[in-house]
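These notes concern the structure reproduced below.
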DNA sequence: AGACATTATTTATGAAGTAAACTATGTCAC
DNA sequence: GTGACATAGTTTACTTCATAAATAATGTCT
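Residue numbers (my numbering), protein chains in the order written: chain A, 1 to 358; chain B, 359 to 716.
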């Protein structure tokens, strides 16, 4: 049997602190009595924890306010509350987004306002060591004026299969040299602060939940389009994740068993229809059959064959290109429909765009 | 914002009691010091909670035991532990399984040993009121010799879509008269004890987790075959369930977009290939085409056309019937493969059998 | 009989939530 | 202005739990 969470006063305080911090973040500006009503905690408890958070400067008190009681004539009474809000400046967070073609590093405050942003192009075929060096350089710059005490931690978004427990990037389709790289430990050692890693495609869902306080008991299905298709499911406030991070591979879901062979060994996988390379291949095939003449002309004019070009032609009324786009929708629709049957989500979010990686 | 679990001493005690009870159940017979090591709780804490559980008679102490310490020569030392085990007789549970063609009621003890079992055939077209009356009759009989104090509660397994929060059976394919029946509240009122409802197809997964202590951090995909196909996912110890209980509908996942129209409005749903009625229809179609002559002969002999008959012929070497069975496997395989891509489960369990309902 | 190892309990302490009393602070009526 | 009123927030005394540390219990072995 694994060790589970045990109950002690530590558990109580983390649970309640989070609850209160969350409540203030969502309702701010707000005040102690309101927080108590919302969370179900008693006023005395809220006072204690709020004072604690005030002394840590994670919350701050705002002076002015008017009484909350009122009647139909607009008469107000009662002691005016002391308003609370999150002191965004109390902490700093560094976010590192590794993508096949670039690294993006942001320094944010507690409310995830971006204070500083850097972007640097990389070659997706580089050695991981070199790329990590670049990440460290950018992170170092972001942290130049940050007190280490103030730094909450570093979050890293990775484009591929990860092992969450070990903090390892197992593999990445678009970055072939990355194989079992223990990136969390490397960064943690170099930066000397706690580092967390997560799979890129899931982070949109995490943010969605964070920014929407009513999300706790809903189920959201989020599809992320990029070079391929990823799926994330936020279920009752929890992100569905496998131990090894292998989940979310909707791209290799079979949507047409008579379809083309896929790299994965399957036949008719979703990605044989909706990935950037599949779309381009499909267009090339049609050009070969003498269709999509518009595309051919554009290419002779020096333009690259890219998904967005096909879409542009489709919008302009090119029948053949429109058919390609329509097919993408059809297969995406089948996949989404299947997911809806399985999860009965309260909402489906599609984000990103189908891009090529050089 | 919804009200979340707040932290107070109640939380601590429930968390720790459950932890300890669970540990004892899994390791029994065991002893306090071992429980403390396993759970991470301190010995004094375990003593306190165990004594509490002993006084409630949920646990019992077994006298004999030998010292636990030992060296290579087999020498043993130390104070011999007081062994603990779950006192299965402390509580009684009533389990009611409603199926389209029968009601099954069991009285069990805390370890889910069946003490008493009753089964009664029902007509799936009956009014819900009549069926509930039968359920109450059987439950009443099961409870005849049970002290109400001893009764932990009643669990009901329902064959269809449920609303867990409301305890309502929303609809059931095989029991057309059941529409939005608030069965939990009805039973609760009549029996005067807490009633919980769950969807039948998911309960195999729940039991699987309960009976396997190492299950907490695994992901299991469980397919349940009956008149159709249901899927349950046990993920990190939690059953994936939607608020309205609409999930698990893998049967209406599209596996062949050129397939037949399905009742649900889709085309090529899994259930158009692997449900009992679909299989029979497929065989009838083949007979019409002059195939499956063996089946035809059997049917002229008065045998009903049922899935198991087709399977019997397939096993005997009937080529056409074998093809039907093979097709079932093919489509089931696609659906399962897709699920594996999505969830990367640690294991896939297929249970049940494809049955007809009269 | 006494050393030893291990299990189990007791006692004292501390952390956290909470009920209830109490203080604080505004508005309004007079 | 003064006091009633309503609501916000704090203080105090108390309870519940976990826990560290001391202690007791119980067997084997020398």
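Backbone N, C-alpha and C fix where the C-beta goes; we use that ideal spot for every residue, glycine too.
In this structure, does DSSP put residue i in helix, strand or coil?
i, result
"residue 709 of chain B", "strand"
"residue 236 of chain A", "coil"
"residue 392 of chain B", "helix"
"residue 359 of chain B", "In this predicted model, residue 359 of chain B has a pLDDT of only 49, less than 50, meaning its place in the structure is not dependable; the value taken from the coordinates is given anyway. Coil, per DSSP."
"residue 297 of chain A", "helix"
"residue 470 of chain B", "coil"
"residue 340 of chain A", "helix"
"residue 53 of chain A", "helix"
"residue 327 of chain A", "helix"
"residue 219 of chain A", "strand"
"residue 417 of chain B", "strand"
"residue 230 of chain A", "strand"
"residue 679 of chain B", "helix"
"residue 662 of chain B", "coil"
"residue 267 of chain A", "strand"
"residue 124 of chain A", "coil"
"residue 119 of chain A", "strand"
"residue 643 of chain B", "helix"
"residue 461 of chain B", "strand"
"residue 89 of chain A", "helix"
Whole angstroms are fine: how far does the CA of residue j sit from the CA of residue i?
i, j, result
"residue 455 of chain B", "residue 152 of chain A", "51 Å"
"residue 5 of chain A", "residue 573 of chain B", "16 Å"
"residue 160 of chain A", "residue 401 of chain B", "44 Å"
"residue 335 of chain A", "residue 178 of chain A", "29 Å"
"residue 84 of chain A", "residue 63 of chain A", "9 Å"
"residue 626 of chain B", "residue 539 of chain B", "31 Å"
"residue 660 of chain B", "residue 477 of chain B", "29 Å"
"residue 339 of chain A", "residue 611 of chain B", "8 Å"
"residue 14 of chain A", "residue 386 of chain B", "33 Å"
"residue 235 of chain A", "residue 185 of chain A", "29 Å"
"residue 683 of chain B", "residue 587 of chain B", "15 Å"
"residue 706 of chain B", "residue 570 of chain B", "15 Å"
"residue 609 of chain B", "residue 332 of chain A", "19 Å"
"residue 417 of chain B", "residue 395 of chain B", "18 Å"
"residue 351 of chain A", "residue 285 of chain A", "28 Å"
"residue 195 of chain A", "residue 188 of chain A", "6 Å"
"residue 359 of chain A", "residue 208 of chain A", "Here chain A comprises residues numbered 1 to 358, so residue 359 of chain A is not present and cannot be evaluated."
"residue 157 of chain A", "residue 106 of chain A", "12 Å"
"residue 654 of chain B", "residue 645 of chain B", "7 Å"
"residue 238 of chain A", "residue 555 of chain B", "23 Å"
"residue 127 of chain A", "residue 57 of chain A", "42 Å"
"residue 701 of chain B", "residue 557 of chain B", "21 Å"
Whole-angstrom Cβ separation of residue i and residue j, contact assumed at under 8 Å?
i, j, result
"residue 370 of chain B", "residue 41 of chain A", "With 8 Å as the limit, residue 370 of chain B and residue 41 of chain A do not qualify as a contact, their Cβ atoms being about 15 Å apart."
"residue 202 of chain A", "residue 155 of chain A", "About 12 Å; that fails the 8 Å criterion."
"residue 501 of chain B", "residue 452 of chain B", "7 Å"
"residue 440 of chain B", "residue 457 of chain B", "Residue 440 of chain B to residue 457 of chain B, Cβ: 45 Å. No contact."
"residue 541 of chain B", "residue 528 of chain B", "No, residue 541 of chain B and residue 528 of chain B are not in contact; Cβ-Cβ is about 11 Å, not under 8 Å."
"residue 703 of chain B", "residue 577 of chain B", "4 Å"
"residue 359 of chain A", "residue 276 of chain A", "This structure cannot settle anything about residue 359 of chain A, because the visible part of chain A is limited to 1 through 358."
"residue 255 of chain A", "residue 328 of chain A", "So it is not a contact: roughly 11 Å between Cβ atoms."
"residue 66 of chain A", "residue 79 of chain A", "Their Cβ separation, rounded to whole angstroms, is 11 Å, which puts residue 66 of chain A and residue 79 of chain A out of contact at 8 Å."
"residue 444 of chain B", "residue 382 of chain B", "6 Å"
"residue 409 of chain B", "residue 482 of chain B", "Not really, about 50 Å apart at Cβ, beyond 8 Å."
"residue 471 of chain B", "residue 446 of chain B", "6 Å"
Closer than 8 Å, Cβ to Cβ, to anything on chain B: give me those residues from the segment 176–210 of chain A, in chain order. none
In chain order, which continuous runs of the beta strand (DSSP E) of length 3 or greater are located wholly inside the segment 156–206 of chain A? 161–163, 168–171, 179–181 and 195–199
Under 8 Å, CB to CB, which of the residues in the segment 370–398 of chain B have a partner in chain A? Using a CB distance below 8 Å, the part of the segment 370–398 of chain B facing chain A consists of 370, 371, 372, 373, 374, 377, 380, 381, 384, 385, 396, 397 and 398, ordered along the chain.
Interfacial residues, the segment 606–620 of chain B to chain A, with Cβ spacing under 9 Å: Of all residues in the segment 606–620 of chain B, only 606, 607, 608, 609, 610, 611, 612, 613, 614, 615 and 616 come within less than 9 Å of chain A when Cβ atoms are compared, listed by chain position.
Taking any Cβ of chain A, which residues in the segment 677–706 of chain B have a Cβ under 7 Å from it, in chain order? 692, 695, 696, 699, 700, 701 and 702
Residues in the segment 39–59 of chain A having any Cβ partner in chain B nearer than 8 Å: 39, 40 and 41
Give me the subset of the segment 84–118 of chain A whose CB atoms are less than 8 Å from a CB atom of chain B, sorted by chain position. none
What residues in the segment 506–533 of chain B have a beta carbon less than 7 Å from any beta carbon of chain A? none
Could you run through the segment 126–143 of chain A and flag, in chain order, every residue whose CB is less than 7 Å away from some CB of chain B? Along the segment 126–143 of chain A, there is no position whose C-beta sits under 7 Å from a C-beta of chain B.
With 8 Å as the limit, tell me which residues of the segment 635–666 of chain B have their beta carbon closer than that to any beta carbon of chain A; keep them in chain order. none
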